[in-house]
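> Below is the structure I would like to discuss, written out as structure tokens.
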Amino acid sequence: MSSLTGAVVLVTGANGGIGSAFVAEALARGAVKVYATARTPRDWGDDRIVPLALDITDPASIAAAVEAAPDVTVLINNAGTLPPTWSLLDISADALRATMETNFIAPVMLAAAFAPVLTSRPESVLIDMHSVASWYAFGGAYSASKAALWSATNSLRLELAPRGTHVVGVHVGYVDTPMAAHDNGPKMLPADLVIHVFDTVEAGGYEVIADEVTTSIKAGLSAPVEALYPELKA
């Protein structure tokens with residue numbers, strides 16, 4: 310895709326910080342319509358933005374969204390959740406399933422549901438929001454769910470490329486949103502992240518490495534595991 314001009318975009322988790330930035334930047338780049346989805350959609354005060362109720366973990370809700378948005382050319386799997394604990398030893402089975410359901414299963418099911426819509430459009434795009442946690446296992450169930458989504462994105466890319474849909478995976482550390490309020494370290498601004506993502510989309514890139522910490526972690530993946538996790542040497 311050389312430009313978002315004329316695109317019809319659907320954003321999951323649109324009410325959040327990153328989701329709102331995706332909505333605004335898509336319009337700034339010429340999108341003619343943005344479906345802003347959430348469990349409880351809000352009024353955006355802009356005729357180009359269509360609020361759309363969507364529970365990404367509910368198959369019936371996904372089917373209703375496909376029916377309501379048959380003209381989508383760019384699907385952005387942005388919605389996600391944090392588990393109640395970072396520890397895989399302490400998390401309950403129900404909380405682990407819920408984390409995997411939201412962060413892994415739901416984006417894959419959305420991609421599958423919208424695949425006929427996307428592949429019927431020239432230069433369509435699927436964007437999956439991963440995390441540096443998909444490569445660095447500090448986040449327990451969260452890291453596991455994002456690692457699973459990363460793998461699924463690679464598989465979806467191979468399946469959808471011959472059908473004309475370009476798939477982009479986004480890896481980033483902390484972003485300045487309420488979801489990252491627990492951390493006091495450096496955070497990327499949502500608007501800066503989204504600019505990076507859409508620049509990559511328009512350039513035909515496949516992967517967004519959004520910040521220095523993510524660049525560093527990716528570079529360490531080919532090293533022995535104890536280099537990535539020096540605490541193992543203690």
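310 is the number of the first residue of the sequence shown in this note's numbering; add one for each residue after it. A virtual CB, placed ideally from N, CA and C, is assigned to each residue, including glycine.
1) Can you name the start and end residues of the alpha helix (DSSP H) that Ile385 belongs to?
2) What is the DSSP secondary structure of Val341, counted as helix, strand or coil?
3) Bridge partners for Ile436 per DSSP, in chain order?
4) Can the beta-carbon of Arg472 be found less than 7 Å from the beta-carbon of Thr428?
5) Using the Cα positions of Ala489 and Met497, report the straight-line distance between them to the nearest angstrom.
6) So what's Leu397 in DSSP terms, helix, strand or just coil?
7) DSSP state of Ala316, grouped into three classes?
8) Out of Pro392, Pro368, Ala316, which has the shortest C-alpha to C-alpha gap to Ser452?
9) Indicate the three-state DSSP secondary structure (helix, strand or coil) for Gly322 in the structure shown.
10) Taking three-plus beta-carbon pairs below 8 Å as touching, is the region 364-384 in contact with the region 314-322?
11) Cβ of Ala422 within 7 Å of Cβ of Ile371?
12) What three-state label does DSSP hand Leu361 in the structure shown?
13) So is Pro416 buried or exposed if we call it buried at 16+ other beta carbons inside 10 Å?
14) For the region 532-540 and the region 343-363, state whether three or more C-beta atom pairs, one from each stretch, are separated by less than 8 Å.
15) Three or more beta-carbon pairs under 8 Å between the region 321-336 and the region 345-359, yes or no?
Let's see:
1) Note, Ile385: premise wrong, no alpha helix (DSSP H); beta strand (DSSP E) at 383-386.
2) Coil at Val341, not helix or strand.
3) Within the DSSP secondary-structure output, Ile436 pairs in a beta bridge with Ile385, Val477.
4) yes
5) Here Ala489 scores only 49 on pLDDT, less than 50, and its place in the model should not be relied on; the value that follows carries that caveat. Distance between the alpha carbons of Ala489 and Met497 is about 10 Å.
6) coil
7) coil
8) Pro392
9) coil
10) yes
11) yes
12) If DSSP states are grouped into helix, strand and coil, Leu361 belongs with the strands.
13) buried
14) no
15) yes
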